[in-house]
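Residues -14 to 337 (our numbering) make up the sequence shown, in order. For glycine and all other residues, C-beta sits at the position ideal for the given N, C-alpha and C.
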Amino acid sequence: MTGAQADQRPGTGEDPPGLPLAALEEHIRQTLPELLQGPLSAQLVAGGRSNLTYLLTDGRDRWVLRRPPLGHVLETAHDMGREHRLLAALSPTDVPVPRPLLLAGAEVIGAPFYLMEYADGQVLRERAQLERLDAPAATALADELVDVLARLHRLDPQQVGLGDLGRPDGYLERQLRRWRRQLESSHSRDLPELTRLAERLAMRIPDSQSAAIVHGDYRLDNVVVDSVLGHIVAVLDWEMATLGDPLTDLASTLVWWDGMRGLDSPVAAVPADVPGYPGGDHLLAAYGRHSDLDLEPLPWYLGFAFFKIAAIFEGIHFRSQQGLTIGEGFERLGDLVPPLVERGHAALSGTT
């Protein structure tokens, strides 16, 4: 979540898309009168393929604001109160997250939003950023990425006040139904192999071994890394978090880290494509050292992770065709769906 400070100021320049600065600044000054030391400026930052993320500054300090997207997506994917509640609950734990500061309804800027502290560091999204790390640093980062995920999964949801965050019973069945519905609502072309992958997954849904807080989109470019020490200082983008099967998180992380090798994803560089970075087997072994879960059913979870990402990309492709999305590279995501589906079939068959 890095980027240059914006030059838009209330009354002197255009507002960023979806963010009326004058109304926002007035609300912040009324609600948190000690926060701002100067006029507010903001910019829409890269990343976040659903909820919109803005970097705010008063010329001295920085904050981050999240609001729902301008285009239509799944209703459960842009619940600002849910994200704010998650961050508030996780802030005292050993899972690093930005501290939330403010939650507001649609009456302020035309959409609900929340404000949080800025996590100082860098998001490693571009290949050039990944290439700056030597092999030992890259391996240490991979280990810490898995360690933080395991810490999240070890938390007791009841003890941190998130026992009612979701319904873990039937989680896998509901997830599969959800993303099949997403495909139906964004249908623009025939993808028979994607349909067949969903059918294969539905025929062999495993029994979940445990229930945990799951992030839902955990990957390297959803964490902030300290620019000097290389440690993870914050996990971002909690919009799909719930109570569910922790192996869905692990499988998704593995697909983003290694499963997309050679696909040139516009979302983020694939770490395993970069010399010096360990492969998915290293991450899997690291997670196994932190967890007592049986990893034998992982092929199903990998197949589902490929299916889910393909469904998300197809939905973004559909909205992009209608001009309902903001962000560079949206027009290319549709091209990645067929190879993702092919890899999903291979993973489900245990041949990856």
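Cβ-Cβ separation, residue j to residue i (assumed contact under 8 Å), whole Å
i, j, result
"residue 200", "residue 220", "7 Å"
"residue 96", "residue 52", "5 Å"
"residue 283", "residue 236", "6 Å"
"residue 342", "residue 173", "Because the chain in this structure spans residues -14 to 337, residue 342 falls outside the shown range and cannot be described."
"residue 259", "residue 37", "Not a contact, Cβ separation roughly 29 Å."
"residue 196", "residue 228", "6 Å"
"residue 300", "residue 167", "6 Å"
"residue 103", "residue 69", "Not really, about 16 Å apart at Cβ, beyond 8 Å."
Between the CA atoms of residue j and residue i - distance to the nearest angstrom
i, j, result
"residue 349", "residue 41", "Absent from the structure is residue 349, since the part of the chain shown begins at -14 and ends at 337."
"residue 112", "residue 253", "8 Å"
"residue 271", "residue 6", "45 Å"
"residue 1", "residue 277", "47 Å"
"residue 179", "residue 292", "7 Å"
"residue 308", "residue 143", "42 Å"
"residue -7", "residue 39", "Only weak support exists for where residue -7 lies, its pLDDT of 38 falling under 50; the value from the coordinates is given anyway. Distance between the alpha carbons of residue -7 and residue 39: 12 Å."
"residue 275", "residue 132", "7 Å"
"residue 128", "residue 64", "31 Å"
"residue 120", "residue -1", "44 Å"
"residue 83", "residue 246", "30 Å"
"residue 45", "residue 23", "8 Å"
"residue 243", "residue 211", "23 Å"
"residue 316", "residue 169", "20 Å"
"residue 58", "residue 239", "Residue placement at residue 58 is poorly supported in this model, since its pLDDT is 48, which falls under 50; the coordinates still yield a value, given next. Each residue's Cα considered, the two are about 25 Å apart."
"residue 15", "residue 25", "14 Å"
"residue 85", "residue 110", "24 Å"
"residue 148", "residue 137", "14 Å"
"residue 241", "residue 251", "12 Å"
"residue 332", "residue 287", "6 Å"
"residue 326", "residue 21", "48 Å"
"residue 262", "residue 87", "38 Å"
"residue 8", "residue 17", "14 Å"
Three-state secondary structure (DSSP) of residue i
i, result
"residue 66", "helix"
"residue 9", "helix"
"residue 27", "strand"
"residue 80", "coil"
"residue 320", "helix"
"residue 107", "strand"
"residue 85", "strand"
"residue 2", "coil"
"residue 190", "coil"
"residue 268", "helix"
"residue 120", "helix"
"residue 336", "coil"
"residue 286", "helix"
"residue 140", "coil"
"residue 158", "helix"
"residue 281", "coil"
So, do the stretch 204 to 223 and the stretch 285 to 296 have three or more beta carbon pairs nearer to each other than 8 Å? no
Going along the chain, which unbroken runs of the beta strand (DSSP E) with 3 or more residues stay wholly within the stretch 209 to 263? 217 to 220, 227 to 229
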